[in-house]
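In order, the protein sequences belong to chains A and B.
Using the working numbering, read the first sequence as starting at 40 and increasing by one per residue.
Using the working numbering, read the second sequence as starting at 9 and increasing by one per residue.
Virtual Cβ for every residue (Gly too), placed ideally from N, Cα, C.
Notes for the one structure printed next.
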Amino acid sequence: MIKIPTGIEGMDMMLKGGLLPGRNILLSGPAGSGKSTIAMQFVYNGAQHYGEPSLYVTLEESKEKLIEDMGKFGFDLKKASAMGKFHIVGGPMAKVTHFMQKVDADVLNLIGEIEEIVKSEGIKRVVIDSINLLTMLMKTEREKREALAALANMLSSLGCTTILTSETEEGTMKLSRYGVEEFIVDGVVVLYLVRQGSRFVPGIVVRKMRGSNHDKEIRVYKITDKGVVVYPTETMFGKI
Amino acid sequence: MKKIKIDWRFGVFILVMVVIYLVVFLFPGSQNEFSLDPSAKEEFWRFGTYQFAHLDWSHLIQNIVTLGLVSFIAVELKTRFKFFSINYFLAGLVAVLPLWIISPFVALGASVAIYSCFGYFSPKTKQFKLKVWLIIIGIKVFIFLKPILTLISGAEGFGFALKQSLAHLSGFVFGLLGFYMFKEVDKFLTKRKQYVLRRA
Ligand SMILES: Nc1ncnc2c1ncn2[C@@H]1O[C@H](COP(=O)(O)OP(=O)(O)OP(=O)(O)O)[C@@H](O)[C@H]1O
Ligand SMILES: [Mg+2]
Numbered sequence: 040m041i042k043i044p045t046g047i048e049g050m051d052m053m054l055k056g057g058l059l060p061g062r063n064i065l066l067s068g069p070a071g072s073g074k075s076t077i078a079m080q081f082v083y084n085g086a087q088h089y090g091e092p093s094l095y096v097t098l099e100e101s102k103e104k105l106i107e108d109m110g111k112f113g114f115d116l117k118k119a120s121a122m123g124k125f126h127i128v129g130g131p132m133a134k135v136t137h138f139m140q141k142v143d144a145d146v147l148n149l150i151g152e153i154e155e156i157v158k159s160e161g162i163k164r165v166v167i168d169s170i171n172l173l174t175m176l177m178k179t180e181r182e183k184r185e186a187l188a189a190l191a192n193m194l195s196s197l198g199c200t201t202i203l204t205s206e207t208e209e210g211t212m213k214l215s216r217y218g219v220e221e222f223i224v225d226g227v228v229v230l231y232l233v234r235q236g237s238r239f240v241p242g243i244v245v246r247k248m249r250g251s252n253h254d255k256e257i258r259v260y261k262i263t264d265k266g267v268v269v270y271p272t273e274t275m276f277g278k279i
Numbered sequence: 009m010k011k012i013k014i015d016w017r018f019g020v021f022i023l024v025m026v027v028i029y030l031v032v033f034l035f036p037g038s039q040n041e042f043s044l045d046p047s048a049k050e051e052f053w054r055f056g057t058y059q060f061a062h063l064d065w066s067h068l069i070q071n072i073v074t075l076g077l078v079s080f081i082a083v084e085l086k087t088r089f090k091f092f093s094i095n096y097f098l099a100g101l102v103a104v105l106p107l108w109i110i111s112p113f114v115a116l117g118a119s120v121a122i123y124s125c126f127g128y129f130s131p132k133t134k135q136f137k138l139k140v141w142l143i144i145i146g147i148k149v150f151i152f153l154k155p156i157l158t159l160i161s162g163a164e165g166f167g168f169a170l171k172q173s174l175a176h177l178s179g180f181v182f183g184l185l186g187f188y189m190f191k192e193v194d195k196f197l198t199k200r201k202q203y204v205l206r207r208a
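So, in structure tokens, the structure goes:
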């Protein structure tokens, strides 16, 4: 079966080759655990190494900050954008809502905008960082669920392989903040900060992946100055 | 079962219009004061008032009943209230002017605005798999029924009936153009709404 490699070697081993094309996964984890970095590596590698037009939708940080921060890992986003395969849109939530109010747009309009970009640029890989902020724009649980489903359906019907990031509260073992996201997506990858003795060790696990075999262990990962590195053979807990 | 959402603004719309029509109608001498009168061209406010004035009770009631029908159809066709109401007032304001300028006459009443609604709705009948051109021709025949009948029967008032029909036709055509115009406006507004992430 053809899979879509994330380009993060250890993670691709955990995923037995990569993500399923046209499917979406939820990448959840606590603040600062490296969600944005992993997601960026997925789209950046896609554009740079696999020739797949990619789109990064940021709702947390400004594009400028993101470009600067990711530059420190050696990802030249400016150059990638200039080459035409890498696209980055969005900005801090306050700015997004400001522009939304200005033109009287709602979440469905945002989804429509993403759809338009995907179609016109022939996008194959998408990141939405994060869906917490997207769902924050809606009031009821039902609206949140419907908008997420609309987004996920639209992206997969257009053949996009998608990572949706979601921030979990520190210390919980929940997969997502509202507990609705994981039912809509095809796969869930969770980042943990696990206490081992006196320190916290970052661990990554594939919790669910419809239609694909995958590693079931919690593996160790690290944020290095070249980005996120996953150690696919190091288990978190010593087996007794 | 799916809950059908009724846009109550259409109901409020009729109510407000009926009240306005009644108040204007009960204003003494409203027919003379508010109509679009070629002999009082300098009284420019008449351009804003003539669509709210009516000649007599039968004229008034006829228009109120038709307006009720129009609002009902508007809800059925899931018309966007904003565009519908703008089209309505705009038609009442300008649709009759080309005819009026070519051949001036005392004009008053909401019927031109009301006929613009039929023009506005015609393309929307597509959703019921009705042939739009058939609907349009049908309404046009209906519009000219009166002058045709007067002509056939040889009764008096053919000229007047024809003028009235032409005024209604102006409203109808205005609404028809309005539909396509608002469709473009809507497209533009939606497009603008989909330019948020790229701007932020
Ligand atoms: N050069 C580096 N070497 C090691 N770690 C780094 C380096 N640069 C950044 N980090 C770590 O990466 C973290 C940020 O990663 P990232 O922004 O991807 O996380 P996140 O899960 O998206 O966070 P947030 O919840 O704020 O969105 C920082 O908190 C920091 O600990
Ligand atoms: Mg982040």
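Status (buried if at least 16 other CB within 10 Å, exposed otherwise) for residue i
| i | result |
| --- | --- |
| Leu142/B | exposed |
| Ser161/B | exposed |
| Thr87/B | buried |
| Arg164/A | buried |
| Lys183/A | buried |
| Tyr95/A | buried |
| Pro92/A | buried |
| Lys278/A | Reliability of the predicted coordinates at Lys278/A is poor, the pLDDT of 49 falling under 50, and the value obtained from them is presented with this limitation in mind. By the 10 Å Cβ count, Lys278/A comes out exposed. |
| Thr198/B | exposed |
| Trp108/B | buried |
| Asn40/B | exposed |
| Met40/A | exposed |
| Val31/B | exposed |
| Phe187/B | buried |
| Ser119/B | buried |
| Gly57/A | buried |
| Gly226/A | buried |
| Asn84/A | buried |
| Ala208/B | buried |
Bounding residues of the alpha helix (DSSP H) (the contiguous stretch that carries residue i)
| i | result |
| --- | --- |
| Asn95/B | 89 to 98 |
| Val142/A | 132 to 142 |
| Thr158/B | 153 to 161 |
| Arg207/B | Here Arg207/B belongs to no alpha helix (DSSP H), and DSSP marks it neither H nor E. |
| Asp194/B | 166 to 201 |
| Met122/A | Looking at the DSSP string, Met122/A is not in any alpha helix (DSSP H), and its letter there is neither H nor E. |
| Ser79/B | 65 to 84 |
| Leu197/A | No alpha helix (DSSP H) holds Leu197/A; DSSP gives it neither H nor E. |
| Lys280/A | The shown model of chain A, from 40 to 279, leaves out residue 280/A, and the question about it has no answer. |
| Tyr58/B | Segment: none, Tyr58/B is in no alpha helix (DSSP H) and carries neither H nor E. |
| Met109/A | 102 to 110 |
| Phe129/B | 119 to 129 |
| Val146/A | 146 to 160 |
| Phe42/B | 38 to 42 |
Residue i - DSSP class collapsed to helix/strand/coil
| i | result |
| --- | --- |
| Arg184/A | helix |
| Ser251/A | coil |
| Pro60/A | coil |
| Phe113/B | coil |
| Glu50/B | coil |
| Leu116/A | helix |
| Leu173/A | helix |
| Thr45/A | coil |
| Ser75/A | helix |
| Gly242/A | strand |
| Ile14/B | coil |
| Val27/B | helix |
| Leu98/A | coil |
| Leu66/A | strand |
| Gly40/A | Note on identity: in this sequence residue 40/A is Met, with Gly being the wrong assignment. Met40/A: coil per DSSP, three-state reduction. |
| Asp45/B | coil |
| Val104/B | coil |
Host beta strand (DSSP E) of residue i (start-end)
| i | result |
| --- | --- |
| Lys261/A | 258 to 263 |
| Val128/A | 125 to 129 |
| Tyr89/A | No beta strand (DSSP E) contains Tyr89/A, which DSSP labels as neither H nor E. |
| Ser205/A | 200 to 206 |
| Leu232/A | 226 to 235 |
| Ile167/A | 164 to 168 |
| Thr272/A | 266 to 274 |
Integer Cβ distance of residue i from residue j, believed to fall under 8 Å
| i | j | result |
| --- | --- | --- |
| Leu85/B | Phe129/B | 6 Å |
| Phe166/B | Thr158/B | 5 Å |
| Gln59/B | Gly100/B | 3 Å |
| Phe239/A | Leu232/A | 4 Å |
| Ala86/A | Ala121/A | Wrong, their Cβ atoms sit about 11 Å apart, outside the cutoff. |
| Leu98/A | Met132/A | 6 Å |
| Ser79/B | Phe152/B | So it is not a contact: roughly 25 Å between Cβ atoms. |
Original post:
If you measure from each residue's Cβ to the nearest non-hydrogen atom of ligand 1, which ones come out under 6 Å, in chain order?
Top reply: Here the residues come out as Gly68/A, Ala70/A, Gly71/A, Ser72/A, Gly73/A, Lys74/A, Ser75/A, Thr76/A, Glu99/A, Lys111/A, Glu206/A, Ile262/A, Thr263/A, Asp264/A.
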